[in-house]
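Visitor:
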Amino acid sequence: MEKFCFFDDGSFYLNQPDQVSYLYFPLANVEGVMSSVTPELSGDSKTSQNTFLLSPVSSEDLHNNKSSRNFWCKINGTSIWSVTGRSAWQQAQKFSRDREETRLEAGFLWHKITRISKALGLKGIITSFVPANHDQVELMKVELTNIGAEAITLEPAAAIPLYCRSADNIRDHRHVTSLLHRIEVLERGIIVNPTLTFDERGHKINEIVYGVLGGNGDILPSKFYPTVDSFIGEGGSFENPRALQDDCLKPMKAGDRIDGYEAFGGLGFEEILLQPGESKAYIIVLGYGRSKEDFIAYGEKYLSEEAYDQAFEEMKVYWKRQLNVRFETGDDNFNHWMHWVTIQPILRRIYGCSFLPHHDYGRGGRGWRDLWQDCLALLLMDPREVRTMLKENFQGVRMDGTNATIIGKNRGEFIADRNNITRVWMDHGVWPLITTHLYIQQSGDIEFLLEKVPYFKDMQAVRGEQKDTLWTEEQGKTCLTQDNKPYLGTILEHLLMQHLTAFYDVGEHNHIRLRGADWNDALDMARDKGESVPFTALYASNLETLAELIEILEAKGFTTIELAKEMEVLLANEDSYGDYKKRQSILMEFCMSTKHKVSGETISISAKTLSNILRGMGQFIKDYIRNTEWISDGKDAFWFNGYYDNLGQRVEGVHPSGVRMMLPSQVFTIMSGTATDEQVKLITKAADQYLYTREIGGYRLNADFKEVNLNLGRMFGFAYGHKENGAVFCHMAVMYAYALYSRGFVKEGFKVIDTLYSHSMDFEKSKIYPGIPEYFDEKGRGMYHYLTGAASWLMFTLIQQVFGIVGKMGDLTFEPKLLKCQFNEDNRAGIAFDFAKRHFYVEYVNEEGLDYGEYQVKKIAGNLGEHFTENSSVIKREVIENLQSDQVYKITVTLGRKGENEWI
1052 MEKFCFFDDG
1062 SFYLNQPDQV
1072 SYLYFPLANV
1082 EGVMSSVTPE
1092 LSGDSKTSQN
1102 TFLLSPVSSE
1112 DLHNNKSSRN
1122 FWCKINGTSI
1132 WSVTGRSAWQ
1142 QAQKFSRDRE
1152 ETRLEAGFLW
1162 HKITRISKAL
1172 GLKGIITSFV
1182 PANHDQVELM
1192 KVELTNIGAE
1202 AITLEPAAAI
1212 PLYCRSADNI
1222 RDHRHVTSLL
1232 HRIEVLERGI
1242 IVNPTLTFDE
1252 RGHKINEIVY
1262 GVLGGNGDIL
1272 PSKFYPTVDS
1282 FIGEGGSFEN
1292 PRALQDDCLK
1302 PMKAGDRIDG
1312 YEAFGGLGFE
1322 EILLQPGESK
1332 AYIIVLGYGR
1342 SKEDFIAYGE
1352 KYLSEEAYDQ
1362 AFEEMKVYWK
1372 RQLNVRFETG
1382 DDNFNHWMHW
1392 VTIQPILRRI
1402 YGCSFLPHHD
1412 YGRGGRGWRD
1422 LWQDCLALLL
1432 MDPREVRTML
1442 KENFQGVRMD
1452 GTNATIIGKN
1462 RGEFIADRNN
1472 ITRVWMDHGV
1482 WPLITTHLYI
1492 QQSGDIEFLL
1502 EKVPYFKDMQ
1512 AVRGEQKDTL
1522 WTEEQGKTCL
1532 TQDNKPYLGT
1542 ILEHLLMQHL
1552 TAFYDVGEHN
1562 HIRLRGADWN
1572 DALDMARDKG
1582 ESVPFTALYA
1592 SNLETLAELI
1602 EILEAKGFTT
1612 IELAKEMEVL
1622 LANEDSYGDY
1632 KKRQSILMEF
1642 CMSTKHKVSG
1652 ETISISAKTL
1662 SNILRGMGQF
1672 IKDYIRNTEW
1682 ISDGKDAFWF
1692 NGYYDNLGQR
1702 VEGVHPSGVR
1712 MMLPSQVFTI
1722 MSGTATDEQV
1732 KLITKAADQY
1742 LYTREIGGYR
1752 LNADFKEVNL
1762 NLGRMFGFAY
1772 GHKENGAVFC
1782 HMAVMYAYAL
1792 YSRGFVKEGF
1802 KVIDTLYSHS
1812 MDFEKSKIYP
1822 GIPEYFDEKG
1832 RGMYHYLTGA
1842 ASWLMFTLIQ
1852 QVFGIVGKMG
1862 DLTFEPKLLK
1872 CQFNEDNRAG
1882 IAFDFAKRHF
1892 YVEYVNEEGL
1902 DYGEYQVKKI
1912 AGNLGEHFTE
1922 NSSVIKREVI
1932 ENLQSDQVYK
1942 ITVTLGRKGE
1952 NEWI
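Residue numbers are given in this note's numbering: position 471 of the sequence shown equals residue 1522, and the series is strictly consecutive.
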């Protein structure tokens, strides 16, 4: 099997990509065009769940030509040839010795496929991308070249199946919705304007038109096939269309209309004569518009090679500017691979979690957890509007500490749940603080915590256990006071609400209840007695972080903290911590007091008192977990139990069917500081013994429980080694690396990342393009590529932990944890990044070739203006703010042996 290779700019090529199944590539822009394309140009295009231009595809549909864009050539009046390889005879020869040569080249975000038929003497190149502007179009340039010794005649034809409706109609009224189609042939293409958007709950007038245009300057289509049957003919197919072979199928012409059929973008062009070595190009525009005139206006402007090429170059410049984080280690392939990882958080903001072939669930948008974790990457890449965005995000928190789970299309817009199901994920409260804490450390903006925002309100109440039957839609989605005014609380209050309610929301083992699930959505069948130890540990760490932030506020002069009066009951019950029933009672008292409306009254508590309470809570949790959940296999392996199931039974440990261990249980006890250093050493040994499988990418999510456990979650119904049941789940594996790095276990953390990287780059096993997938399955194939929180956490780990680019209350510090093997042959490693809206390139110089643990930062130098003193250990905020925002500043950080001439 071929492997992909990188060019210097990070783009890559791959020979014979059509020999590998399930490959797809994203083409998108921030204006909402979301396309996917395979080496044979299958895939789809859409702007939302209800506006699919091409037929919606899941991964298994990628083998189906009905979802393919195509471009045909009738050669010398007889043979027909597909530039995408999607003809019946080309498919039959696909695996023979006489197969055609194909080559894929792809970059940020463009896709080029070259196909060569030596037998026909013809080469075709199709380059696809979406412009980086406001135009909702996907562009294709088709270049045809005669590589033979004789002149040939070609009759070209674009062939684009047009779906033009909601994904819901793929089998729900598929034919009926085609009756809504109003199809018009234009001078340069075909446009479809459905009369209605079909919904039996209430049909609506359609507001979106769809279409295909084609040509190149003065070259216009001469034949039009606006319906499927007009192109494939009776008994024909997309792989063997009769229109190109049978004169009885008469094309339509500009100005013609036809209604009520499956639409098709069939554009035929006049026959041309190609001499040996001669080429001809055609531009195809697929897109959307608010009206016929709208679509024509911005679609036709691309119908020349010059306009296409200009848009292509502008698109490449745009994405280069967006991907402003670059890593330079001694491994060029790793550097390029990480460059592809940096685009993945951006792709998830565009696609949500629903709009690539493997991501065939939901109806668009991101979830609560996705929102906050993707903001980690945004803070590190493009922090310009983060403050406003974070502030708006807090409007999704309810007064009972839970939150809306789906993010609406507009910022600050929230929905209870995609399926209108009352659900609470017990981990949701931890992520906003992790992101907010990073923002404060990067910016020094501690007063952000004192900004006031409303709370989200809907019928769900008492942490998902009751409904507020007094609430109506007319009341709005904002929590009100008794006098019907929106209640505004500080962001600090919102954070405290999330953590204090979780602290009291415990089960009979005194850990926080699992409820609908934690990070692992598939642990969804233990709502009654399930408990999550790992996230209890993470809440403990967060409580201590809140205490630290309050102490910083106090040092700034904010000696008292204002909170909702109802929260008082959550702050004065230290004697209840060890009694789960008392804690449950306190939580119920609070939730009932805020079930419908709140008083609007507030209390003041001293910052010192509040920080002490929070530290006490955090320390109680950590001590309790250390004392109750440290387990072993009865031999020499030790780790933390992480869960209790719906029967109240401990999940991990020795079982008749074998040892049971789960990776999240170790990740968050390590990350939170619950595990001692000695325990971390033992955990890593146990994880290597029971979870590590290098052949499929590294650390599995869990050992094989060998049963369908209906008392814990659907994950155990999945085949072992797939998705949440025992796959190498990259998101959790990367968080394991972060946890290890954060505790100083650098070689162990490097092993996690290096194994994921090595496996991803082993194309024969992973079978994915560059980047990190959601997981590797039992065969080692990368699954659910591009849209994964693993990318944000991998960037976060590389920047903050490995390269040690750390913000501390707005100042910039350097705490590298690079291993000797990560420096290049000149003992240097570098990183380009933005900080405080300024551009930096930091180069670490390790002249003695020291390993981590042997070196320390000895000198920081750079042309940073008169306010910067070289050899200082930190770059102060005021120095950075005096720098120009349009320059790149190089900083050289010299590493020297520990203990020699120390000055830090």
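Every residue gets a Cβ at the ideal spot worked out from N, C-alpha and C, and that includes glycine.
Identify, in the order they occur along the chain, each residue of the same chain with its Cβ nearer than 7 angstroms to the Cβ of I1955, setting aside the five sequence neighbours on each side.
Guide: With a pLDDT of only 44 at I1955, under 50, the local geometry of the prediction cannot be trusted, and the value read off the model is given with reservation. For I1955, where only same-chain residues beyond five positions count, the Cβ hits under 7 angstroms are Q1907, V1908, S1924.
Visitor: Short of 8 angstroms in beta carbon distance, which residues of its chain neighbour V1188, apart from the five on each side in sequence? Order them along the chain.
Guide: Contacts found: V1084, V1181, P1182, V1336, L1337, G1338, Y1339, Y1349, G1350, Y1353.
Visitor: Assess contact between the segment 1201-1220 and the segment 1228-1248, defined as three or more Cβ pairs (one per stretch) separated by less than 8 angstroms. Is contact present?
Guide: These segments touch.
Visitor: When DSSP labels each residue in this structure, what does C1530 get in the three-state scheme?
Guide: In the structure shown, C1530 sits in coil (DSSP, three-state: anything other than H, G, I, E or B).
Visitor: Beta-carbon separation of A1688 and T1653 under 8 angstroms?
Guide: Cβ distance not < 8 angstroms, so A1688 and T1653 don't count as in contact.
Visitor: When we look at the beta-carbon of T1486 and count the other beta-carbons within 10 Å, is it buried (16 or more) or exposed?
Guide: When all chains shown are included, T1486 counts as buried.
Visitor: Please name the residue or residues paired with S1657 in a DSSP beta bridge.
Guide: Paired residues: T1611.
Visitor: Is DSSP giving D1310 helix, strand or coil here?
Guide: Looking at D1310 - three-state DSSP - the assignment turns out to be strand.
Visitor: For F1282, report the span of its beta strand (DSSP E) as first-last.
Guide: Looking at the DSSP string, F1282 is not in any beta strand (DSSP E); the run it does join, the alpha helix (DSSP H), is 1279-1283.
Visitor: In terms of residues, what are the limits of the alpha helix (DSSP H) holding S1644?
Guide: S1644 -> alpha helix (DSSP H) spans 1631-1644.
Visitor: Under the DSSP definition of a beta bridge, which residues are partnered with Y1743?
Guide: Per DSSP, Y1750.
Visitor: Consult DSSP for L1407 and reduce its assignment to one of helix, strand or coil.
Guide: Three-state result, L1407: strand.
Visitor: If L1849 and R1889 are in contact, beta carbons under 8 angstroms, what's the gap, nearest whole angstrom?
Guide: With a Cβ gap of about 20 angstroms, L1849 and R1889 do not count as contacting.
Visitor: Helix, strand or coil for A1577 per DSSP?
Guide: DSSP places A1577 in coil when its eight states are reduced to three.
Visitor: Hey, how far is the Cα of V1481 from the Cα of L1574?
Guide: If I take the Cα positions, the gap works out to 18 angstroms.
Visitor: Report the residue from S1273, L1205, E1524 whose alpha carbon sits nearest the alpha carbon of F1320.
Guide: For the residues S1273, L1205, E1524, the minimum Cα distance to F1320 belongs to S1273.
Visitor: Among S1708, Q1740, E1703, which one has its Cα closest to the Cα of P1715?
Guide: The shortest Cα separation from P1715 among S1708, Q1740, E1703 belongs to E1703.
Visitor: Taking 7 angstroms as the limit between beta carbons, can you name the residues of its chain near T1943, skipping five residues before and five after?
Guide: The answer, listed in chain order, is E1894, V1896, A1912, G1913.
Visitor: Taking the beta carbon of S1405 as the centre, do at least 16 other beta carbons fall within 10 Å, making it buried, or is it exposed?
Guide: Buried.
Visitor: Residues in the same chain with beta-carbon distance under 6 angstroms from L1622, minus the five sequence neighbours each way, listed in chain order, please.
Guide: Here the set comprises I1664.
Visitor: Taking the alpha-carbon positions, what's the G1128 to T1204 distance?
Guide: Approximately 7 angstroms between the Cα atoms of the pair.
Visitor: Report buried or exposed for Y1412, applying the criterion of at least 16 other Cβ atoms within 10 angstroms of its Cβ.
Guide: Label assigned to Y1412: exposed.
Visitor: Are there 16 or more other CB atoms within 10 angstroms of the CB of E1599, so buried, or fewer, so exposed?
Guide: E1599 is exposed by the Cβ-count criterion.
Visitor: According to DSSP, simplified to helix, strand and coil, what is N1386?
Guide: Helix.
Visitor: Just how far apart, CA to CA, sit R1751 and Q1717?
Guide: Approximately 12 angstroms between the Cα atoms of the pair.
Visitor: With contact counted as at least three CB pairs below 8 angstroms, one residue from each stretch, are the segment 1588-1603 and the segment 1669-1678 in contact?
Guide: Yes, they touch.
Visitor: Whether or not the segment 1246-1258 and the segment 1266-1285 are in contact is what I'm after, with contact meaning three or more pairs of Cβ atoms, one per stretch, closer than 8 angstroms; do they touch?
Guide: These segments do not touch.
Visitor: Answer with buried or exposed for T1520, where buried requires no fewer than 16 other C-beta atoms within 10 angstroms of its C-beta.
Guide: The residue is exposed, with fewer than 16 neighbouring Cβ atoms inside 10 Å.
Visitor: Which residue's Cα is closest to the Cα of G1855: T1393, L1845, D1862, L1869?
Guide: The shortest C-alpha separation from G1855 is found at L1869.
Visitor: Classify P1821 as helix, strand or coil using the three-state DSSP reduction.
Guide: Of the three classes helix, strand and coil, the one that applies to P1821 here is coil, per DSSP.
Visitor: Quick check: what's the CA-CA separation for L1565 versus A1210?
Guide: Their backbone Cα atoms lie some 51 angstroms apart in a straight line.
Visitor: Kindly indicate the opening and closing residues of the beta strand (DSSP E) around Y1353.
Guide: Note, Y1353: premise wrong, no beta strand (DSSP E); not H, not E.
Visitor: Apply the 10 Å Cβ neighbour rule to D1186 and answer buried if 16 or more other Cβ atoms are within range, or exposed otherwise.
Guide: D1186 is buried by the Cβ-count criterion.
Visitor: Given a cut-off of 8 angstroms, decide if N1875 and T1178 are closer than it, judged by their beta-carbon atoms.
Guide: No, the Cβ-Cβ distance between T1178 and N1875 is not below 8 angstroms.
Visitor: Shortest alpha-carbon distance to G1172 belongs to which of I1242, G1286, Q1326?
Guide: Checking every option, the nearest Cα to that of G1172 belongs to Q1326.
Visitor: Report all residues from its chain with a CB closer than 8 angstroms to the CB of M1477; omit the five preceding and five following residues, and keep chain order.
Guide: Closer than 8 angstroms at Cβ, skipping near neighbours: A1553, D1556, I1563, R1564, L1565, R1566, G1567, A1568, D1569, S1583, F1586.
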